[in-house]
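Numbering (this note's numbering), first residue to last: 195 to 1223. Ideal Cβ placement from N, Cα and C applies to all residues, glycine included. Keep in mind that this is a model prediction, so the values were computed, not measured. Right, one structure below, let's go through it.
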């Protein structure tokens, strides 16, 4: 046996009622226990049955067996074929294919249609032993359309015939209508009614005229309220002898109605309702009677409809019985007559009546669309299958239209009736929502409920409304004021709470679609109410508090936890705090707002550490946003105060908080943002640099990155410099004093580098000590280059005559070289060579500046340093070959600096400077075998020689220009002899070209010659070149 906790299996089949073997299969399922008897009964009543025609009196049909004939109104019982066993053996869930052939005529429970004579003959189907499939039955849609067209053709043809009879009689009577009094006029209508009633009784006795009889009975019931309307409107009761005619007509009409209603199986309440609605057309001459009749008939009809549907033993999805339809039509006629009697300005009195009338239609239609499970169905049994009729939707639409009409005519002056109609509409929408679970029903129900709030408020007595509004507006005016409509943000907020609770109920009952839609309605309504509340700050505060609490509850109760809900909750809470502060202190200064944002940022960052999961993750984002806002406000405040504010140090609170919660990377970034804001005042600068140094040091322990120790040391250096400037009075006396401070810091950093242990090389990642060791070395070199750069700039000012030499410069440069030795010692590198050479040059320049006031005096010592460097290069060629190339580069630098220092000067010995520099370059070119360097050196050598000769020639007196050219030509002879040498061997043409080129350059530089003289010089150079070749 299957487990009782297992879910039931739901099986849906689409079968035609005329399919052969259907009833035999259902009987097989019943005996196997796969379907219960109650389910089988319901299926037969809903799909395989039709209405029965009651027999008025016995009559004989002969010996014909009508049990399975085409008569759709005969009784249907289980019928066995002759010779068929009472209980055939069941071999399987479905009869075996190899069994005996199926009966030629299957047994029926109920005929599948109302009149089989209207359908084409069914083809005979016999199951063959070979297993061939039976002929395909007609489509269910085609069968349904054929039956519908058959029924409609008969019914509407009969109705059209009756209508033409009435119309022709009315036309004939109209010509003689004035000759009849009120009683005579009414008797014509009564005669038609009785004729239809009698014709219906006569036709019902014939099996072939059942539809005609049914149509005539329908017309009789519809004419019943018209008769009483006519008697009252024509004044039959007030005419002479009219009361006798009225009583007689009332009796006959009552008898006819009861007889027809009983034939239609109308219940006693339905019969009473139809007769009562007809009787209510009497006495309308009295002014109060129309309203009383309308509401009495409406309430009675509604109660009868509800009572009748609630006490039905068998619920059928087929159209409502004619007693119910007749009652609804009669009520409609009653309301229609009321509209003709009452003045249009007073139609609002009928609003609730129309609402009840439409509600009855809607209620009946919704019951037919969604029938509840039948009584007696066990859990797990097959549910009743109900196919909605499209006509039911028209019924519901008509009813809702009537309710809307009732609300429209009552909303202007009859608010209580409009409120009642809205209550009916709300109840019916909730019923539809419960039955069908459609989102549009939920939205419309919510809209109706909100509308009822406005109508209900208007129903409150004016005095009470005035007192409530006075109290509320007084409170608003005392807290900042605002328009009265802003109170809607509070008065309608309970609807949001209801929708949230409803959404929670849906989620708990596994209806997430409606649950999400409820939350969406609540969210949209909350946004709208918050926007309305924004016109009044006190109302906005209360609205935001309520919204925050609601969002928090919803976020906690919804699963799974959604980040967007958490973000929304945080946002509402933050907005609530900001709006509350603004409402309490509307003139709060910018600096105070900055402090408020700082506090909120610290709280958000703290929550990101204290809370876990999505709550902490979302708080982190809000903390970052608030921190950025804090720095923005702080920057604006500093801009207003000239960057000199005592509050600038508050920016350090955020990096301190980030460090405490373990967000070290963010703390490093925030420190870099906050520190520049603290440099405006001395004490804030000291606090900022000291705090930044400490934070960087702490963060470097947890975030192992080479940049962090560098930042820590950099902040520390800034702290020292700021402390010396701000705490030592009178320091610095001169700008050059900072050079001594820089030297001291450089030596301290390099001493720290030497003191810290070097990495062993076994670690896979650098240790904290190694990182600080590297950072100390890097900052030491930065200060070294900075010191030399500043000293170079200052000594330039001294030689330009814009500054005086300072002894502190000599002290700083004198201490630089020992500091450099402290860093490198015996492990010199190219950087050591360059730094030492730069420092020596600056020391020489500052020392020379005390005695000489021009740069030319420094050229010769500089050239001497170049010669010294070249000599050291030769010495270190074997011991330390890695230093040879930097020393040669340094030699070139010295040579170039010496030439640069002599620019613009021409003395008896400046030519020797050029010659000396050229010799240094020539030696370097020889060592490295670089021809261009040697060519350049020879060119410089020529320039130097020519400068010496030309200078001496310019100092001599007398002679002609040709004599000087002859001397210059003779000067080329040593140059031409140079190719014979071995150490500096260069091709002759190159030497000649360089020699004469240098000569021409010196001549152009040192003296003025005529064009003829220059031409003579070129010719002599060309001849010398040719000779050498």
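Provide the residue span of the alpha helix (DSSP H) that contains residue i, from first to last.
| i | result |
| --- | --- |
| residue 462 | 462-473 |
| residue 1059 | 1053-1073 |
| residue 893 | 876-896 |
| residue 225 | 216-226 |
| residue 737 | 731-751 |
| residue 998 | Here residue 998 belongs to no alpha helix (DSSP H), and DSSP marks it neither H nor E. |
| residue 537 | Premise fails: residue 537 is in no alpha helix (DSSP H) and is neither H nor E. |
| residue 1046 | That residue, residue 1046, is in no alpha helix (DSSP H); it is neither H nor E in DSSP. |
| residue 644 | 633-653 |
| residue 777 | 757-778 |
| residue 838 | Where residue 838 is concerned, there is no enclosing alpha helix (DSSP H), given that its DSSP letter is neither H nor E. |
| residue 694 | 687-702 |
Might you give, ordered along the chain, the residues of its own chain that have their beta carbon closer than 6 Å to the beta carbon of residue i, omitting 5 neighbours on each side?
| i | result |
| --- | --- |
| residue 1118 | 1082 |
| residue 391 | 414, 450 |
| residue 800 | none |
| residue 869 | 882, 886 |
| residue 784 | 831 |
| residue 992 | 999, 1043 |
| residue 589 | 555, 559 |
Measuring straight from C-alpha to C-alpha, what distance separates residue i and residue j?
| i | j | result |
| --- | --- | --- |
| residue 833 | residue 802 | 32 Å |
| residue 999 | residue 933 | 13 Å |
| residue 912 | residue 843 | 16 Å |
| residue 918 | residue 925 | 7 Å |
| residue 1107 | residue 1093 | 7 Å |
| residue 442 | residue 448 | 10 Å |
| residue 381 | residue 416 | 17 Å |
| residue 695 | residue 755 | 17 Å |
| residue 777 | residue 893 | 40 Å |
| residue 1244 | residue 946 | It is not possible to answer for residue 1244, since the shown part of the chain is limited to 195 through 1223. |
| residue 406 | residue 223 | 40 Å |
| residue 458 | residue 209 | 31 Å |
| residue 629 | residue 484 | 37 Å |
| residue 836 | residue 874 | 8 Å |
| residue 220 | residue 203 | 18 Å |
| residue 948 | residue 974 | 12 Å |
So, are the CB atoms of residue i and residue j less than 7 Å apart?
| i | j | result |
| --- | --- | --- |
| residue 419 | residue 472 | yes |
| residue 734 | residue 740 | no |
| residue 623 | residue 606 | no |
| residue 936 | residue 981 | yes |
| residue 545 | residue 453 | no |
| residue 1225 | residue 551 | For residue 1225 there is no data in the structure shown, the boundaries of the chain being 195 and 1223. |
| residue 713 | residue 725 | no |
| residue 1084 | residue 1031 | yes |
| residue 643 | residue 620 | yes |
| residue 889 | residue 851 | no |
| residue 683 | residue 723 | yes |
Going along the chain, which residues of its own chain have a beta-carbon closer than 7 Å to the beta-carbon of residue i, five neighbours each way excluded?
| i | result |
| --- | --- |
| residue 678 | 663, 667 |
| residue 384 | 421, 443 |
| residue 812 | 757, 760, 761, 764 |
| residue 489 | 547 |
| residue 377 | 430, 433, 436, 439 |
Between residue i and the rest of its own chain, which residues show a CB-CB distance below 8 Å, the 5 nearest in sequence each way excluded?
| i | result |
| --- | --- |
| residue 300 | With a pLDDT of only 40 at residue 300, under 50, the local geometry of the prediction cannot be trusted, and the value read off the model is given with reservation. Counting only Cβ-Cβ distances below 8 Å, and skipping sequence neighbours, we find 214, 215, 216, 217, 218. |
| residue 791 | 820, 823, 824, 827 |
| residue 616 | 601, 642, 645, 646, 649 |
| residue 807 | 755 |
- prompt: Are the region 825-837 and the region 879-895 touching by the rule of at least three beta carbon pairs closer than 8 Å?
  reply: Using a C-beta cut-off of 8 Å, the region 825-837 makes no contact with the region 879-895, since fewer than three inter-stretch Cβ pairs fall below that distance.
query: How do the region 1011-1023 and the region 1050-1062 stand: do at least 3 beta-carbon pairs fall below 8 Å, yes or no?
result: At 8 Å Cβ cutoff, the stretches do not touch.
- prompt: Does the count of Cβ pairs from the region 978-990 and the region 959-966 closer than 8 Å reach three?
  reply: Counting Cβ pairs under 8 Å, fewer than three are found: no touch.
- request: Would you check if there are 3 or more beta carbon pairs closer than 8 Å linking the region 520-531 to the region 467-484?
  value: By the C-beta criterion, the region 520-531 is judged to be in contact with the region 467-484, since at least 3 inter-stretch pairs fall below 8 Å.
task: May I ask you to verify whether the region 1061-1078 touches the region 1035-1051, counting CB pairs closer than 8 Å and requiring at least 3?
output: Contact between the region 1061-1078 and the region 1035-1051 is absent, because fewer than three Cβ pairs lie under 8 Å.
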